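K.L.:
My numbering applies: residue 184 is where the sequence shown begins, and numbers increase by one. Glycine residues also receive a C-beta, built at the ideal position from the N, C-alpha and C atoms. As the structure is a prediction and not an experimental result, all values here were calculated from the model.
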Amino acid sequence: MIRTTVLRTPIGPLSLLEHEAVLVAAGFTDDPRELHSRLHPSLRSHELIGADDLGEIGKAHEAYFDGDLDALDTLTVHAPGPPIREGLWAALREVRSGETVTYGELAARAGLVRGARAAGQACARNLIAPVIPCHRVVASAGTGARRLNGYYYGLDRKEWLLRHESGG
184 MIRTTVLRTP IGPLSLLEHE AVLVAAGFTD DPRELHSRLH PSLRSHELIG
234 ADDLGEIGKA HEAYFDGDLD ALDTLTVHAP GPPIREGLWA ALREVRSGET
284 VTYGELAARA GLVRGARAAG QACARNLIAP VIPCHRVVAS AGTGARRLNG
334 YYYGLDRKEW LLRHESGG
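1. Whole angstroms is fine: what's the gap from A273's alpha carbon to L255's?
2. According to DSSP, simplified to helix, strand and coil, what is G350?
3. At 4 residues or longer, what runs of the alpha helix (DSSP H) sit wholly inside the stretch 260–304?
4. Suppose you measure from the CA of G350 to the CA of D249; what does that come to, to the nearest Å?
5. Could you give the distance in angstroms between the alpha-carbon of A262 and the alpha-carbon of L310?
6. Spatial neighbours of H202 within its chain, please: C-beta separation below 8 Å, excluding the five flanking residues on both sides.
7. For the stretch 207–214 against the stretch 189–197, are there 3 or more C-beta pairs whose distance is under 8 Å?
8. Could you check the C-alpha separation between A305 and P265 for me, to the nearest Å?
9. By DSSP, does A324 sit in helix, in strand, or in coil?
10. What's the C-alpha gap between E288 and A302?
11. Provide the residue span of the alpha helix (DSSP H) that contains G195, from first to last.
12. Can you tell me the Cα-Cα spacing of R319 and E239, whole angstroms?
13. Where are the alpha helix (DSSP H) runs, 4 residues long or more, that stay fully inside the stretch 219–259, in chain order?
14. Can you grab the Cα-Cα spacing for the pair L199 / L258, in whole Å?
15. Do you know offhand how far N332's Cα is from G210's?
16. Measure the C-alpha to C-alpha separation of H219 and A307 and round it to an integer number of angstroms.
17. From what residue to what residue does the beta strand (DSSP E) around A209 run?
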C-alpha cells in the first residue's frame, strides 16, 4: 500500500505519498490521486490509503517550511525511471538551498555532455517536489544571466521556494 497525507503549507496543500517508509511522491496538490496516477507502474499498482501522519517524512516537510532548509536532504526517496533521468535527479538533490543551476549545469553535474534538454525533461517528470528540488533549476538567458521558467506547480510557487531558501 501507499500511505498518503496532505500538509498545509504557506503555498498551498502538499500531498505526500509514502511506500514502506520511503517517499515516492510529493507535490503541491490537495488530491494525492493526481500524483498516484503519475507514478511509475511498479508503484501505481499499490493501493492508496489515507494516513494522518507519515512520521519523519511529514516532520521533515514541516521543518523545511518552518525554516530548516536542510530538513529534506536526509529523506530517502524512490523515483524509478530511466538511468539518465535517475542520474539527473540524484545530481539535483546535490543542489543546495539558496543555489540555482541552469539546465546545462545540471546536466554537466550528472555527467551529460549537452544534456540540457534531458535535464528539462527530468524536471518535468519529477514527482517528488520539493525534495528533488527542480525549483532550483533556471534557464540560461545568455551571457551568464539566468531567468525563471517553467515549474509544474506554477512560477509563483517556484519564486516563493527560491525566496524562502535565500532568506527573503
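P.N.:
In terms of the structure at hand:
1. Between A273 and L255, the C-alpha separation is close to 14 Å.
2. Note: G350 maps to coil in three-state DSSP.
3. Counting only runs that start and end inside the stretch 260–304, the alpha helix (DSSP H) elements of at least 4 residues fall at 266–276, 286–292.
4. The C-alpha of D249 is placed about 12 Å away from the C-alpha of G350.
5. For A262 and L310, the distance between alpha carbons rounds to 8 Å.
6. Same-chain partners within the cutoff: M184, I185, R186, L226, H229, H261.
7. Output reads yes: the stretch 189–197 touches the stretch 207–214.
8. For the pair A305 and P265, the Cα-to-Cα distance works out to about 10 Å.
9. Coil.
10. Approximately 9 Å, taken between the alpha carbons.
11. Unbroken run through G195 is the beta strand (DSSP E), 195–202; no alpha helix (DSSP H).
12. Straight-line Cα distance between these residues: approximately 24 Å.
13. Those alpha helix (DSSP H) runs which fall completely within the stretch 219–259 and span 4+ residues are 224–227, 239–248.
14. Looking at the two C-alpha atoms, the distance is approximately 12 Å.
15. Taking the straight line from one Cα to the other gives about 18 Å.
16. About 16 Å.
17. Start and end: 205–210.
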